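These notes concern the structure reproduced below.
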(Lines of atoms letter the chains of each structure in order from A and count residues from 1; the text may use other names and numbers.)
(Lines give C-alpha, C1' and ligand atoms only; values in the text may rest on other atoms or scores of the structure.)
Protein backbone atom coordinates (compact mmCIF):
# COMPACT_ATOMS: atom_id res chain seq x y z
CA UNK A 1 0.00 0.00 0.00
CA UNK A 2 1.52 3.40 -0.99
CA UNK A 3 2.60 5.57 1.90
CA UNK A 4 0.95 8.95 2.39
CA UNK A 5 3.83 10.85 3.96
CA UNK A 6 7.13 9.21 3.02
CA UNK A 7 8.19 9.69 -0.60
CA UNK A 8 11.29 8.61 -2.47
CA UNK A 9 13.50 10.59 -0.09
CA UNK A 10 11.79 11.10 3.24
CA UNK A 11 8.89 13.46 3.93
CA UNK A 12 8.88 16.71 2.01
CA UNK A 13 6.62 19.70 1.37
CA UNK A 14 6.01 23.39 2.00
CA UNK A 15 7.35 24.38 5.42
CA UNK A 16 4.76 25.27 8.07
CA UNK A 17 2.03 23.58 6.02
CA UNK A 18 0.91 19.97 6.30
CA UNK A 19 2.79 17.73 6.49
CA UNK A 20 5.93 19.79 7.20
CA UNK A 21 4.76 21.36 10.45
CA UNK A 22 6.31 21.63 13.89
CA UNK A 23 3.60 19.31 15.17
CA UNK A 24 4.49 16.57 12.70
CA UNK A 25 8.22 17.03 13.34
CA UNK A 26 7.59 16.52 17.06
CA UNK A 27 5.59 13.36 16.35
CA UNK A 28 8.30 12.15 14.00
CA UNK A 29 10.97 12.63 16.66
CA UNK A 30 8.87 10.64 19.10
CA UNK A 31 8.12 7.94 16.51
CA UNK A 32 11.78 7.58 15.53
CA UNK A 33 12.68 7.19 19.19
CA UNK A 34 9.94 4.62 19.77
CA UNK A 35 10.68 2.54 16.65
CA UNK A 36 14.47 2.77 16.43
CA UNK A 37 15.68 3.44 19.94
CA UNK A 38 14.73 3.49 23.58
CA UNK A 39 15.35 5.47 26.77
CA UNK A 40 19.00 6.35 27.26
CA UNK A 41 19.92 6.16 23.59
CA UNK A 42 20.57 9.09 21.27
CA UNK A 43 19.49 10.52 17.92
CA UNK A 44 21.69 12.75 15.75
CA UNK A 45 19.77 15.68 14.24
CA UNK A 46 21.15 17.99 11.55
CA UNK A 47 19.70 20.51 9.11
CA UNK A 48 20.49 22.58 6.07
CA UNK A 49 20.36 26.38 5.90
CA UNK A 50 16.62 27.00 5.36
CA UNK A 51 15.01 29.49 7.72
CA UNK A 52 12.44 26.84 8.70
CA UNK A 53 15.18 24.45 9.79
CA UNK A 54 15.53 25.61 13.41
CA UNK A 55 11.76 25.36 13.96
CA UNK A 56 11.63 21.78 12.70
CA UNK A 57 14.89 20.83 14.40
CA UNK A 58 13.64 21.96 17.80
CA UNK A 59 10.30 20.25 17.32
CA UNK A 60 11.88 16.95 16.28
CA UNK A 61 14.30 17.25 19.19
CA UNK A 62 11.41 17.74 21.61
CA UNK A 63 9.82 14.52 20.38
CA UNK A 64 13.04 12.58 20.87
CA UNK A 65 13.64 14.07 24.32
CA UNK A 66 10.08 13.32 25.42
CA UNK A 67 10.70 9.66 24.61
CA UNK A 68 13.64 9.60 27.01
CA UNK A 69 16.35 9.67 24.35
CA UNK A 70 19.17 12.18 24.04
CA UNK A 71 19.57 14.49 21.05
CA UNK A 72 22.99 15.06 19.49
CA UNK A 73 22.50 18.46 17.86
CA UNK A 74 24.77 18.57 14.80
CA UNK A 75 23.54 21.97 13.58
CA UNK A 76 24.01 22.88 9.91
CA UNK A 77 25.76 19.97 8.17
CA UNK A 78 25.43 18.05 4.89
CA UNK A 79 23.13 15.03 4.88
CA UNK A 80 26.05 12.57 4.60
CA UNK A 81 27.56 14.12 7.74
CA UNK A 82 24.51 13.04 9.75
CA UNK A 83 24.71 9.53 8.29
CA UNK A 84 28.43 9.35 9.06
CA UNK A 85 28.03 10.60 12.64
CA UNK A 86 25.29 8.04 13.33
CA UNK A 87 27.32 5.20 11.88
CA UNK A 88 30.45 6.08 13.83
CA UNK A 89 28.81 6.59 17.21
CA UNK A 90 26.43 4.70 19.46
CA UNK A 91 23.45 6.70 18.18
CA UNK A 92 20.28 4.76 17.43
CA UNK A 93 19.15 6.95 14.54
CA UNK A 94 19.64 10.19 12.64
CA UNK A 95 17.23 12.84 11.37
CA UNK A 96 18.22 15.28 8.64
CA UNK A 97 16.00 18.31 8.11
CA UNK A 98 16.27 19.32 4.46
CA UNK A 99 14.38 19.58 1.20
CA UNK A 100 17.54 18.96 -0.82
CA UNK A 101 17.35 20.86 -4.15
CA UNK A 102 13.90 22.38 -3.49
CA UNK A 103 13.45 26.14 -2.92
CA UNK A 104 13.75 27.72 0.52
CA UNK A 105 10.00 27.65 1.15
CA UNK A 106 10.08 23.83 1.30
CA UNK A 107 11.60 21.54 3.87
CA UNK A 108 11.65 17.86 4.73
CA UNK A 109 12.77 15.11 7.07
CA UNK A 110 15.04 12.17 6.24
CA UNK A 111 15.63 9.36 8.73
CA UNK A 112 18.68 7.11 9.10
CA UNK A 113 19.03 3.91 11.09
CA UNK A 114 21.88 3.11 13.48
CA UNK A 115 23.97 1.80 10.57
CA UNK A 116 23.89 5.17 8.79
CA UNK A 117 21.62 3.93 6.00
CA UNK A 118 18.21 5.32 5.09
CA UNK A 119 15.34 3.24 6.40
CA UNK A 120 13.75 0.49 4.38
CA UNK A 121 10.07 0.54 3.43
CA UNK A 122 8.99 -1.57 6.41
CA UNK A 123 10.53 0.76 9.00
CA UNK A 124 9.23 3.86 7.22
CA UNK A 125 5.76 2.29 7.24
CA UNK A 126 5.96 1.69 11.01
CA UNK A 127 6.94 5.30 11.62
CA UNK A 128 4.27 6.60 9.25
CA UNK A 129 1.59 4.56 11.03
CA UNK A 130 2.48 6.34 14.28
CA UNK A 131 2.44 9.74 12.55
CA UNK A 132 -1.01 9.10 11.11
CA UNK A 133 -2.42 7.82 14.40
CA UNK A 134 -4.55 10.63 15.79
CA UNK A 135 -3.87 9.82 19.44
CA UNK A 136 -1.43 11.94 21.39
CA UNK A 137 1.88 10.22 22.21
CA UNK A 138 2.10 8.97 25.75
CA UNK A 139 4.31 10.52 28.40
CA UNK A 140 6.76 8.93 30.78
CA UNK A 141 9.22 9.59 33.55
CA UNK A 142 12.29 9.49 31.31
CA UNK A 143 13.31 12.74 29.63
CA UNK A 144 16.37 12.93 27.42
CA UNK A 145 19.18 15.48 27.35
CA UNK A 146 20.03 17.94 24.57
CA UNK A 147 23.73 17.60 23.74
CA UNK A 148 25.86 19.64 21.36
CA UNK A 149 27.40 17.59 18.58
CA UNK A 150 29.84 20.23 17.39
CA UNK A 151 32.25 17.64 16.02
CA UNK A 152 29.84 16.20 13.43
CA UNK A 153 31.17 18.43 10.65
CA UNK A 154 34.79 17.81 11.63
CA UNK A 155 34.31 14.03 11.79
CA UNK A 156 32.69 14.09 8.38
CA UNK A 157 35.42 16.26 6.86
CA UNK A 158 38.01 13.88 8.28
CA UNK A 159 36.31 10.92 6.62
CA UNK A 160 36.36 12.74 3.27
CA UNK A 161 40.07 13.47 3.64
CA UNK A 162 40.68 9.80 4.49
CA UNK A 163 38.80 8.74 1.35
CA UNK A 164 41.03 11.07 -0.68
CA UNK A 165 44.26 9.91 0.99
CA UNK A 166 47.22 10.42 -1.32
CA UNK A 167 45.32 12.80 -3.60
CA UNK A 168 47.27 15.97 -4.30
CA UNK A 169 45.19 18.65 -5.99
CA UNK A 170 47.99 21.20 -6.27
CA UNK A 171 47.97 22.79 -9.70
CA UNK A 172 44.22 22.33 -10.13
CA UNK A 173 41.77 25.20 -10.23
CA UNK A 174 38.27 24.36 -9.07
CA UNK A 175 34.95 26.23 -8.99
CA UNK A 176 32.73 25.10 -6.11
CA UNK A 177 29.12 26.26 -5.94
CA UNK A 178 27.74 25.41 -2.50
CA UNK A 179 24.19 26.41 -3.42
CA UNK A 180 24.02 28.56 -0.25
CA UNK A 181 23.36 25.27 1.48
CA UNK A 182 24.75 22.92 4.06
CA UNK A 183 28.18 22.58 2.42
CA UNK A 184 28.92 26.32 2.55
CA UNK A 185 31.17 26.14 5.61
CA UNK A 186 32.77 22.78 4.75
CA UNK A 187 33.37 22.17 1.05
CA UNK A 188 35.69 25.08 0.14
CA UNK A 189 38.12 24.33 2.98
CA UNK A 190 38.16 20.61 2.16
CA UNK A 191 39.23 21.20 -1.44
CA UNK A 192 41.73 23.88 -0.41
CA UNK A 193 43.28 21.58 2.19
CA UNK A 194 44.06 19.09 -0.59
CA UNK A 195 45.91 21.77 -2.53
CA UNK A 196 43.37 23.02 -5.06
CA UNK A 197 42.88 26.66 -5.91
CA UNK A 198 39.19 27.17 -5.15
CA UNK A 199 36.81 29.76 -6.54
CA UNK A 200 33.79 29.68 -4.23
CA UNK A 201 30.20 30.50 -5.19
CA UNK A 202 26.97 30.26 -3.23
CA UNK A 203 28.50 30.21 0.24
CA UNK A 204 26.56 33.07 1.85
CA UNK A 205 23.36 31.40 3.11
CA UNK A 206 20.73 33.67 4.61
CA UNK A 207 17.93 31.15 5.12
CA UNK A 208 16.10 32.17 1.96
CA UNK A 209 18.69 31.93 -0.82
CA UNK A 210 19.36 28.17 -0.72
CA UNK A 211 19.31 26.80 -4.30
CA UNK A 212 18.23 30.24 -5.53
CA UNK A 213 19.85 30.57 -8.95
CA UNK A 214 22.76 28.48 -7.75
CA UNK A 215 23.70 24.91 -6.89
CA UNK A 216 22.96 21.62 -8.61
CA UNK A 217 19.86 22.85 -10.46
CA UNK A 218 21.73 25.86 -11.86
CA UNK A 219 25.14 24.59 -13.06
CA UNK A 220 25.31 27.48 -15.52
CA UNK A 221 26.57 29.64 -12.63
CA UNK A 222 29.59 27.40 -12.10
CA UNK A 223 30.01 27.02 -15.86
CA UNK A 224 30.36 30.78 -16.31
CA UNK A 225 32.92 30.93 -13.49
CA UNK A 226 34.88 28.02 -14.97
CA UNK A 227 35.19 29.88 -18.27
CA UNK A 228 35.98 33.20 -16.59
CA UNK A 229 38.72 31.79 -14.36
CA UNK A 230 40.10 29.09 -16.66
CA UNK A 231 39.27 26.42 -14.08
CA UNK A 232 39.74 22.69 -14.56
CA UNK A 233 36.38 21.70 -13.13
CA UNK A 234 33.13 23.07 -11.78
CA UNK A 235 31.21 21.38 -8.97
CA UNK A 236 27.62 22.42 -8.19
CA UNK A 237 26.22 21.03 -4.93
CA UNK A 238 22.58 20.91 -3.91
CA UNK A 239 21.14 22.25 -0.66
CA UNK A 240 22.13 19.31 1.54
CA UNK A 241 25.24 18.36 -0.47
CA UNK A 242 24.26 14.77 -1.11
CA UNK A 243 24.67 15.21 -4.85
CA UNK A 244 26.56 17.34 -7.34
CA UNK A 245 26.64 18.29 -11.00
CA UNK A 246 29.94 18.60 -12.88
CA UNK A 247 31.12 21.16 -15.43
CA UNK A 248 34.20 20.49 -17.57
CA UNK A 249 37.01 22.93 -18.37
CA UNK A 250 35.12 24.19 -21.43
CA UNK A 251 32.17 25.19 -19.27
CA UNK A 252 30.03 22.31 -20.51
CA UNK A 253 27.82 20.43 -18.05
CA UNK A 254 28.63 16.71 -18.06
CA UNK A 255 25.50 14.60 -17.63
CA UNK A 256 25.01 12.41 -14.59
CA UNK A 257 25.01 9.27 -16.73
CA UNK A 258 28.37 10.15 -18.25
CA UNK A 259 29.74 10.72 -14.74
CA UNK A 260 28.37 7.33 -13.67
CA UNK A 261 30.02 5.74 -16.69
CA UNK A 262 33.45 7.31 -16.31
CA UNK A 263 33.52 6.63 -12.57
CA UNK A 264 32.53 2.98 -13.08
CA UNK A 265 35.22 2.54 -15.74
CA UNK A 266 37.79 4.27 -13.53
CA UNK A 267 36.96 2.07 -10.55
CA UNK A 268 37.20 -1.00 -12.77
CA UNK A 269 40.69 0.00 -13.95
CA UNK A 270 41.70 0.23 -10.29
CA UNK A 271 40.14 -3.14 -9.48
CA UNK A 272 37.60 -1.48 -7.17
CA UNK A 273 34.38 -2.11 -9.11
CA UNK A 274 32.89 -5.13 -7.35
CA UNK A 275 31.45 -7.73 -9.75
CA UNK A 276 32.06 -5.28 -12.61
CA UNK A 277 28.61 -3.85 -11.96
CA UNK A 278 27.16 -0.37 -11.52
CA UNK A 279 23.71 0.14 -10.00
CA UNK A 280 21.52 2.87 -11.53
CA UNK A 281 17.84 3.81 -11.57
CA UNK A 282 15.24 3.59 -14.31
CA UNK A 283 15.97 7.26 -15.06
CA UNK A 284 19.42 6.45 -16.49
CA UNK A 285 19.80 6.74 -20.25
CA UNK A 286 19.78 3.60 -22.42
CA UNK A 287 23.10 4.74 -23.84
CA UNK A 288 24.87 4.21 -20.51
CA UNK A 289 24.52 0.42 -20.61
CA UNK A 290 25.50 0.38 -24.29
CA UNK A 291 28.62 2.46 -23.55
CA UNK A 292 29.67 0.28 -20.61
CA UNK A 293 29.18 -3.02 -22.43
CA UNK A 294 32.55 -2.85 -24.27
CA UNK A 295 34.23 -2.42 -20.87
CA UNK A 296 32.61 -5.60 -19.60
CA UNK A 297 30.63 -3.59 -17.06
CA UNK A 298 27.09 -4.66 -16.29
CA UNK A 299 24.25 -2.28 -15.33
CA UNK A 300 21.72 -3.15 -12.62
CA UNK A 301 18.55 -1.03 -12.60
CA UNK A 302 16.39 -0.07 -9.61
CA UNK A 303 13.49 2.21 -8.83
CA UNK A 304 14.06 5.97 -8.48
CA UNK A 305 15.79 7.15 -5.30
CA UNK A 306 19.31 6.70 -4.00
CA UNK A 307 17.81 4.61 -1.19
CA UNK A 308 16.81 1.97 -3.73
CA UNK A 309 20.22 2.14 -5.37
CA UNK A 310 21.91 1.58 -2.02
CA UNK A 311 19.60 -1.28 -1.06
CA UNK A 312 20.47 -3.07 -4.32
CA UNK A 313 24.18 -2.37 -3.81
CA UNK A 314 24.04 -3.87 -0.34
CA UNK A 315 22.02 -6.93 -1.31
CA UNK A 316 24.18 -7.63 -4.36
CA UNK A 317 27.57 -6.80 -2.89
CA UNK A 318 28.19 -3.99 -5.39
CA UNK A 319 30.57 -1.10 -4.71
CA UNK A 320 29.29 1.73 -6.89
CA UNK A 321 26.01 3.15 -8.07
CA UNK A 322 23.97 6.29 -8.35
CA UNK A 323 21.36 8.38 -10.08
CA UNK A 324 21.78 10.52 -13.15
CA UNK A 325 20.51 13.44 -11.06
CA UNK A 326 23.94 13.57 -9.42
CA UNK A 327 23.66 11.19 -6.47
CA UNK A 328 26.75 8.96 -6.51
CA UNK A 329 27.32 6.25 -3.92
CA UNK A 330 30.82 4.94 -3.23
CA UNK A 331 30.14 2.05 -0.86
CA UNK A 332 33.71 1.86 0.39
CA UNK A 333 33.40 5.32 1.90
CA UNK A 334 29.74 6.27 2.46
CA UNK A 335 26.27 4.98 3.20
CA UNK A 336 24.44 7.58 1.15
CA UNK A 337 24.91 9.90 -1.81
CA UNK A 338 27.64 12.45 -1.12
CA UNK A 339 28.35 15.40 -3.40
CA UNK A 340 31.66 16.42 -1.84
CA UNK A 341 32.99 12.86 -1.80
CA UNK A 342 31.85 12.40 -5.41
CA UNK A 343 33.70 15.52 -6.51
CA UNK A 344 36.89 14.34 -4.82
CA UNK A 345 36.61 10.91 -6.44
CA UNK A 346 36.27 12.53 -9.87
CA UNK A 347 39.20 14.87 -9.16
CA UNK A 348 41.25 11.90 -7.97
CA UNK A 349 40.49 10.08 -11.23
CA UNK A 350 41.46 13.12 -13.30
CA UNK A 351 44.79 13.42 -11.47
CA UNK A 352 45.56 9.69 -11.56
CA UNK A 353 44.92 9.42 -15.29
CA UNK A 354 46.24 12.90 -16.14
CA UNK A 355 43.08 13.60 -18.10
CA UNK A 356 40.48 16.32 -18.29
CA UNK A 357 36.88 15.55 -17.42
CA UNK A 358 35.91 15.93 -21.08
CA UNK A 359 38.53 13.34 -22.04
CA UNK A 360 37.33 10.90 -19.39
CA UNK A 361 33.72 11.35 -20.54
CA UNK A 362 34.43 10.53 -24.19
CA UNK A 363 32.83 7.32 -25.38
CA UNK A 364 29.99 7.45 -22.87
CA UNK A 365 27.26 8.36 -25.31
CA UNK A 366 23.56 8.86 -24.66
CA UNK A 367 20.45 8.38 -26.74
CA UNK A 368 18.51 11.58 -27.44
CA UNK A 369 16.19 12.09 -24.50
CA UNK A 370 13.54 14.47 -23.26
CA UNK A 371 12.44 14.84 -19.64
CA UNK A 372 9.30 16.89 -19.00
CA UNK A 373 7.91 17.78 -15.58
CA UNK A 374 4.25 18.77 -15.47
CA UNK A 375 2.39 20.14 -12.46
CA UNK A 376 -0.59 18.04 -11.35
CA UNK A 377 -3.30 18.69 -8.78
CA UNK A 378 -3.82 15.00 -8.01
CA UNK A 379 -2.00 11.72 -8.53
CA UNK A 380 -4.51 9.05 -9.57
CA UNK A 381 -3.00 5.66 -10.47
CA UNK A 382 -1.65 5.80 -14.01
CA UNK A 383 -3.52 2.61 -14.87
CA UNK A 384 -6.78 4.50 -14.21
CA UNK A 385 -6.02 6.87 -17.12
CA UNK A 386 -7.16 4.95 -20.23
CA UNK A 387 -5.87 7.30 -22.94
CA UNK A 388 -2.43 7.54 -21.35
CA UNK A 389 -2.09 3.80 -20.79
CA UNK A 390 -3.20 3.10 -24.37
CA UNK A 391 -0.55 5.51 -25.64
CA UNK A 392 2.08 3.80 -23.50
CA UNK A 393 1.20 0.44 -25.07
CA UNK A 394 1.40 1.98 -28.53
CA UNK A 395 4.84 3.39 -27.73
CA UNK A 396 6.10 0.04 -26.44
CA UNK A 397 5.18 -1.59 -29.74
CA UNK A 398 6.70 1.22 -31.81
CA UNK A 399 9.98 1.59 -29.90
CA UNK A 400 11.22 -1.99 -29.79
CA UNK A 401 14.88 -1.88 -28.72
CA UNK A 402 15.41 1.60 -30.10
CA UNK A 403 13.80 3.62 -27.32
CA UNK A 404 11.84 3.66 -24.12
CA UNK A 405 9.49 5.78 -22.06
CA UNK A 406 9.05 6.20 -18.33
CA UNK A 407 6.08 8.06 -16.87
CA UNK A 408 5.87 8.41 -13.11
CA UNK A 409 4.75 10.79 -10.41
CA UNK A 410 7.42 12.63 -8.46
CA UNK A 411 7.90 11.18 -5.02
CA UNK A 412 8.60 14.61 -3.51
CA UNK A 413 6.63 17.15 -5.56
CA UNK A 414 3.16 17.56 -7.14
CA UNK A 415 4.44 16.69 -10.58
CA UNK A 416 4.33 13.94 -13.16
CA UNK A 417 7.58 13.19 -14.97
CA UNK A 418 7.63 12.14 -18.62
CA UNK A 419 10.92 10.65 -19.83
CA UNK A 420 11.32 9.58 -23.45
CA UNK A 421 14.51 8.24 -25.04
CA UNK A 422 14.93 7.20 -28.66
CA UNK A 423 17.78 6.62 -31.05
CA UNK A 424 16.06 9.11 -33.38
CA UNK A 425 15.85 12.62 -31.88
CA UNK A 426 12.78 13.57 -33.91
CA UNK A 427 10.90 10.51 -32.66
CA UNK A 428 11.91 11.39 -29.11
CA UNK A 429 10.37 14.86 -29.45
CA UNK A 430 7.24 13.56 -31.18
CA UNK A 431 6.45 10.98 -28.52
CA UNK A 432 7.17 13.39 -25.67
CA UNK A 433 4.63 15.82 -27.10
CA UNK A 434 2.04 13.05 -27.47
CA UNK A 435 2.52 11.93 -23.87
CA UNK A 436 2.28 15.53 -22.62
CA UNK A 437 -0.99 16.03 -24.52
CA UNK A 438 -2.41 12.84 -22.99
CA UNK A 439 -1.45 13.97 -19.49
CA UNK A 440 -3.03 17.41 -20.02
CA UNK A 441 -6.23 15.86 -21.32
CA UNK A 442 -6.65 13.37 -18.47
CA UNK A 443 -5.20 15.20 -15.48
CA UNK A 444 -6.52 18.71 -16.03
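In the numbering used here, the protein residues as written are 238 to 681. All C-beta atoms in this analysis are idealised placements derived from N, C-alpha and C, irrespective of residue type, glycine included. All values derive from a computational prediction rather than experimental measurement.
Three-state secondary structure (DSSP) of residue i
{"i": "residue 343", "result": "strand"}
{"i": "residue 427", "result": "helix"}
{"i": "residue 272", "result": "helix"}
{"i": "residue 665", "result": "helix"}
{"i": "residue 596", "result": "helix"}
{"i": "residue 396", "result": "helix"}
{"i": "residue 243", "result": "coil"}
{"i": "residue 363", "result": "helix"}
{"i": "residue 356", "result": "coil"}
{"i": "residue 582", "result": "helix"}
{"i": "residue 493", "result": "helix"}
{"i": "residue 402", "result": "coil"}
Sequence-distant residues of the same chain with beta carbon closer than 6 Å to residue i, five excluded per side
{"i": "residue 643", "result": "519 and 656"}
{"i": "residue 257", "result": "250 and 344"}
{"i": "residue 437", "result": "413 and 425"}
{"i": "residue 278", "result": "306 and 329"}
{"i": "residue 680", "result": "613"}
{"i": "residue 371", "result": "none"}
{"i": "residue 276", "result": "305 and 379"}
{"i": "residue 648", "result": "244 and 245"}
Backbone CA spacing between residue i and residue j [nearest angstrom]
{"i": "residue 651", "j": "residue 507", "result": "42 Å"}
{"i": "residue 328", "j": "residue 377", "result": "21 Å"}
{"i": "residue 587", "j": "residue 497", "result": "14 Å"}
{"i": "residue 665", "j": "residue 605", "result": "7 Å"}
{"i": "residue 211", "j": "residue 311", "result": "The question about residue 211 has no answer, for the chain in this structure spans 238 to 681."}
{"i": "residue 613", "j": "residue 676", "result": "9 Å"}
{"i": "residue 581", "j": "residue 575", "result": "10 Å"}
{"i": "residue 646", "j": "residue 244", "result": "10 Å"}
{"i": "residue 379", "j": "residue 364", "result": "21 Å"}
{"i": "residue 607", "j": "residue 674", "result": "15 Å"}
{"i": "residue 481", "j": "residue 317", "result": "13 Å"}
{"i": "residue 338", "j": "residue 609", "result": "17 Å"}
{"i": "residue 592", "j": "residue 500", "result": "13 Å"}
{"i": "residue 491", "j": "residue 367", "result": "43 Å"}
{"i": "residue 300", "j": "residue 446", "result": "29 Å"}
{"i": "residue 553", "j": "residue 443", "result": "42 Å"}
{"i": "residue 660", "j": "residue 493", "result": "19 Å"}
{"i": "residue 269", "j": "residue 283", "result": "15 Å"}
{"i": "residue 632", "j": "residue 668", "result": "8 Å"}
{"i": "residue 357", "j": "residue 473", "result": "29 Å"}
{"i": "residue 353", "j": "residue 621", "result": "38 Å"}
{"i": "residue 421", "j": "residue 391", "result": "14 Å"}
{"i": "residue 489", "j": "residue 359", "result": "42 Å"}
{"i": "residue 509", "j": "residue 577", "result": "20 Å"}
{"i": "residue 511", "j": "residue 322", "result": "26 Å"}
{"i": "residue 399", "j": "residue 303", "result": "37 Å"}
Proximal residues to residue i (C-beta, below 7 Å), its chain only, five neighbours per side dropped
{"i": "residue 526", "result": "536"}
{"i": "residue 274", "result": "280, 306, 329 and 330"}
{"i": "residue 684", "result": "Since the first residue shown for the chain is 238 and the last is 681, residue 684 is missing from the structure and cannot be characterised."}
{"i": "residue 619", "result": "625, 626 and 644"}
{"i": "residue 253", "result": "289"}
Contact belief for residue i with residue j at Cβ below 8 Å, rounded distance in angstroms
{"i": "residue 333", "j": "residue 477", "result": "7 Å"}
{"i": "residue 463", "j": "residue 471", "result": "4 Å"}
{"i": "residue 414", "j": "residue 459", "result": "5 Å"}
{"i": "residue 439", "j": "residue 408", "result": "The Cβ separation is near 25 Å, so there is no contact."}
{"i": "residue 325", "j": "residue 410", "result": "Contact doesn't hold; Cβ gap of about 33 Å is too wide."}
{"i": "residue 335", "j": "residue 285", "result": "4 Å"}
{"i": "residue 355", "j": "residue 538", "result": "Between residue 538 and residue 355 the Cβ distance is about 19 Å, and since that is not below 8 Å, they are no contact."}
{"i": "residue 406", "j": "residue 346", "result": "The pair is not a contact, with the Cβ atoms about 35 Å apart (cut-off 8 Å)."}
{"i": "residue 404", "j": "residue 584", "result": "7 Å"}
{"i": "residue 431", "j": "residue 402", "result": "In fact, because the Cβ distance is near 10 Å, the residues do not count as touching under 8 Å."}
Sequence-distant residues of the same chain with beta carbon closer than 8 Å to residue i, five excluded per side
{"i": "residue 682", "result": "Here the chain has residues from 238 to 681 only, and residue 682 is not among them."}
{"i": "residue 260", "result": "296"}
{"i": "residue 678", "result": "624"}
{"i": "residue 340", "result": "447, 448 and 449"}
{"i": "residue 522", "result": "492, 494, 561, 603, 604, 606 and 658"}
Quiz item: Which full runs of the alpha helix (DSSP H) of 4+ residues lie inside the segment 497-554, going along the chain?
Solution: 523-529 and 543-553
Quiz item: Quick one: complete alpha helix (DSSP H) runs, 4+ long, within the segment 280-337?
Solution: 290-303 and 316-324
Quiz prompt | Contained alpha helix (DSSP H) runs [length at least 4] in the segment 405-455, N- to C-terminal order | solution = 424-430
Self-check item: Start-end ranges of the beta strand (DSSP E) lying completely within the segment 598-658, minimum 3 residues
Solution: As for any beta strand (DSSP E) of minimum length 3 sitting wholly inside the segment 598-658, the runs are 606-612 and 640-646, ordered along the chain.
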